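With our numbering as the guide, the letters of the sequence shown map in order to residues 1255 to 2092.
The beta carbon of each residue, even a glycine, is placed where N, CA and C say it ideally should be.
Just so it is clear, the structure is predicted and the values come from calculations on it, not from any experiment.
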Amino acid sequence: MARSKFYEQIHTAREEREVDAVYTIGLNTYFKDVPITHPFKCDSYVDTVTEKGKNLRLLVEYKYNENFNTKTGISKVLAQVVFYLKRFELEGKPLPNVVLVGDINECFVLQTNELQSYLDFEGIDWDKAPSEAHALFPQLVVALAKDDKINPFVYDIDENFSFKNVADNIIDQADNVQRFVRVTEHNIAVIYDHFCNRVVRDQKKILPNELVSIFIGTILDADNYYQHPRNANRLVTPNGNVDLNGSAFAAFISVFEREYTPDERRKFAEISDRLVEETKRRRSGEFYTPTPFVDYAHCMLAEELGEDWRDRYVVWDCCWGTGNLTRDYRFKELYASTLEPSELAIGEPYNREAQKFVFDFLNDEISDTLGLHVPEGLYDALTNDKPILFFINPPYGTASSGGANTEFKEGCADTLVHVAMKKDKIGACSQNLYAQFLYNIIKIKRDFNLTNVSIGLYSPTLYLSGPSWKDFRNEFLREFEFKKAFTFKASYFADVADSWGIGFSIWTSGITENKGEFLHQLIDLDDKGIVKSEMKTLYNTEGLYPACKWICSNKKAKKDVEMITAKSALNISDKTKFVASNFGYFISDANNVDSSVKGAYFMTMPVSRHIATFEIHEDNIHKCATLFSARKLISKNWINSKDEYLAPNEEHPQWKEFVGDSLVYSLFHTSSNQSSLRKVEYKGKTWDIFNEFFFMSREEIMQLAETNKLYDTYEEVRTDKERFVYQLLELANGNGNASFEASLPEQTRNALPETLSADALAVLEKAREITRKTFPFRQLFHDEHPEYQILNWDCGWYQIKALAKEYAKSEMAEFDTLYKLLANKMRPMVYEIGFLKY
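What follows is the structure, encoded as structure tokens:
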């Protein structure tokens, strides 16, 4: 599947400057020989004349990873644009008449007419920097967000994005041309996706056929599908009202044509069936395999099974769909089964030589007392042990929400195969549909005593590495021998993220001896086709020591302390838990890279949800800090997402340095949610939450409190004790006191470096500098934001950072630079020390 060059370039951008560079290429392509200038230090400005002789004065503003899904997100950047317009006005220059706002994920174009009324907005200090407009003058943002006349159409920058459409829109805005985009059979799928993702709220609560009807009705029937006159966030339809994003709907109908010929309307009716089927597929985790990867799989099968495999093997695609694994090839004996009769109808022109039939592979028996449920030829092949190949791309859906790979479909895994897997104690993976397909193949192999079964499988690669798949692997690997495989990024499937991989693997009857490692060829696509890159070893933790076990504390304290639980650093939940006496919690859910973004974080209080939580004690704090750092330092991608974390080599020469660096790194990461709370009321009880992760001395905080006349803070710190992590950091830097050192467990004491690295010290000292600089503003911040409890002496970085973002912006920018340097230095050590395999 070829994707736009702009999409490929913009998704490598890692900062606003790189976003600028990609958009500049786009502007230069469609506005040739027109200089790009930067008046008033704006990002870009184009002054030219269109072919119709109209002046185009284009102001461009670039952002990095802002959210334009909401009117507020759009209005924040438009407040900045208004400030630039004011600069033009004050200098007596012609105002820009069109604005382009570009980000890595979205962009929009807007004529500035509707913004010019805000140039006389009251209460604005126009001398302030435009970049600070949204923060300094929130009343301007609110006014823009409430303005019903401002509804720009937001372009999604995906593989279908074309900058030409944006350039045409810019010119149309300058020419005052209202040009509607016609919906055709070629672009309808992309437009439908936009409608579902941006216009309709809670689309998953709407049945697929209803969702498609709403979309088609909006396009074709303006009289019966329209915004509610008194509630812009409701769509009136003949079947009741539907919740929508009102501003996104207004933008949608301002862009897309709603008048069509009878013949075009007939085609939409035909296409609607395809949209319904595609929506069902996505919700059950079914995706079409792109043709280049199908061709490559056929080549790999020929290498492994012989060039004539399509003639020698009975081939059964038991989740055929509409046949895109087989439709470009001819087979001597092909059986194609699928759950939906409509799919057989759609795929009727393909593989006419095949025997196609409706068969629920996860619920139907091949034969029972009523007779055969499969073609007689297939049954004959099974009973006579003919060579058979299951060539499949099964659905990837799971019966539990929250997976990274598919949309959740309730009840999708409630099958007879699932019941059998539970009975056989296969484990949690039995909820996964592709696990069920493979397990039923095992069952068929055993029931018919087959000796020559092969599998050509498209699937996520988690079944080879995930701990919850261990029991499944034990069964599968004693029946099938791994031969070879390739992996590509899942984004080559429509509407799937870049951050996980799809593997194609070949298996034959036999036993896989090496059950811990599986070599995969990494491949990609360019304009010429398949491109091979390096080899990747997928591994699991069987026979190894996983980090999730290594991290556990040796303490066997009785869980006899009642503690409130948290939703976030500052918000408590409606439950309490009994815990051992400790001073922190490391939530480390799932042991792979994929789950590190949302599933790895530090808390001062336990969380209410039942996920993997490790209590942090004196004897495992160095382990928690290093594993937290290892999880956060490595960004997930389609190659490493299923890599499992392992116990590190504590004898490695860099181990102690990594411990010291991690103690600092883990304090200041955005997922480090330590906090200090006082007088928290819950069910008639009052709790004080002390932050043992605080990183400065009592003496210094006491002096700062006295200097700034924060008397309650002064009294609190004067009668309190030194915090644990401050003392640990002092000891790790060679300044600790003997009594504290003697109190530490031996394993923690031995893990500490003789001194902290220069990079870690720079980060730590900058954090302390920011704490000192912002101390005079604590009372003011507390009056505005009492929920942060910033007057507590041992505030966590989560609390201090909120204060610093308002009163120490330049210092925070310096801190971020130093923190990035520390992270860059530590990142290779994650592999060198052994948390992850290369």
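Annotated as proximal: R1564 and F1585, with beta-carbon spacing under 7 Å. Across the structure, H1265 and K1743 are spaced so that their CA atoms are roughly 14 Å apart. Between S1713 and N1794, the C-beta gap is not smaller than 7 Å, which leaves the two residues out of contact.
Comparing alpha-carbon positions, the option among A1884, V1276, A1333 and F1510 lying closest to D1401 turns out to be A1333. Taking the CA atoms as reference points, Y1409 sits about 6 Å from F1362. For the set N1808, S2011 and T1867, the Cα lying nearest the Cα of W1909 is the one of S2011. The alpha-carbon of F1856 is positioned some 15 Å away from that of I1826.
V1431 sits exposed, since fewer than 16 C-beta atoms from the chains shown fall within 10 Å of its C-beta. In this structure, I1841 sits away from T1819, with a CB-CB distance that is not shorter than 7 Å.
Across the structure, A1901 and L1881 are spaced so that their CA atoms are roughly 9 Å apart. Less than 7 Å divides the Cβ of V1352 from the Cβ of L1312. It is roughly 58 Å from the alpha-carbon of K1521 to the alpha-carbon of E2038. Counted as a single uninterrupted DSSP element, the stretch harbouring G1853 is not any beta strand (DSSP E) but the alpha helix (DSSP H) occupying residues S1850 to G1853.
Of the residues assessed, H1292 falls on the exposed side of the cut-off, its CB having fewer than 16 other CB atoms within 10 angstroms.
The continuous stretches of alpha helix (DSSP H) do not include R1932, which lies in the beta strand (DSSP E) extending over residues L1931 to Y1936.
In the three-state DSSP reduction, D1517 falls in the helix class (H, G or I). Within the stretch 1318-1356, complete alpha helix (DSSP H) segments of at least 4 residues are found at 1325-1344, given in chain order. Secondary-structure assignment with DSSP links I1646 through a beta bridge to L1711.
Contact check for A1879 and L1917: beta-carbon distance about 5 Å, within the 8 Å limit, so the pair qualifies.
For H1672, the enclosing alpha helix (DSSP H) covers residues L1670 to K1677.
From the listed residues F1978, Y1261 and L1958, the smallest Cα separation to F1948 is found for F1978. Taken through DSSP and simplified to helix, strand or coil, K1886 comes out as helix.
Only exposed fits C1553, as fewer than 16 other CB atoms lie within 10 angstroms of its CB. Between the alpha carbons of N1405 and K1829 lies a gap of roughly 43 Å.
Classified as buried, A2016 has 16 or more neighbouring CB atoms from the shown chains inside 10 Å of its CB.
In terms of CA proximity to I2054, T1924 leads the group T1924, E1984, T1705 and K2091.
Counting along the chain, W2051 sits inside no beta strand (DSSP E); it lies in the alpha helix (DSSP H) bounded by residues W2051 to Y2061. When the beta-carbon positions are compared, H1876 and A2005 come within less than 7 Å of each other. Distance from the CA of N1451 to the CA of Q1457, rounded to the nearest whole angstrom, comes to 8 Å. In the structure shown, M1817 falls within a strand segment according to DSSP collapsed to helix, strand and coil. With a threshold of 16 other beta carbon atoms within 10 Å, A1275 falls short and is exposed.
Among the bridge pairs identified by DSSP, V1363 is matched with L1354. Linking S1621 to S1822 through their CA atoms gives a straight-line distance of about 54 Å.
DSSP places K1534 in the helix class (H, G or I) of the three-state scheme.
Burial check for R1537: the Cβ neighbour count within 10 Å reaches 16 or more, so the residue is buried.
When the alpha-carbon of N2046 is set against those of R2032, A2058, K2059 and A2056, the nearest one is in R2032.
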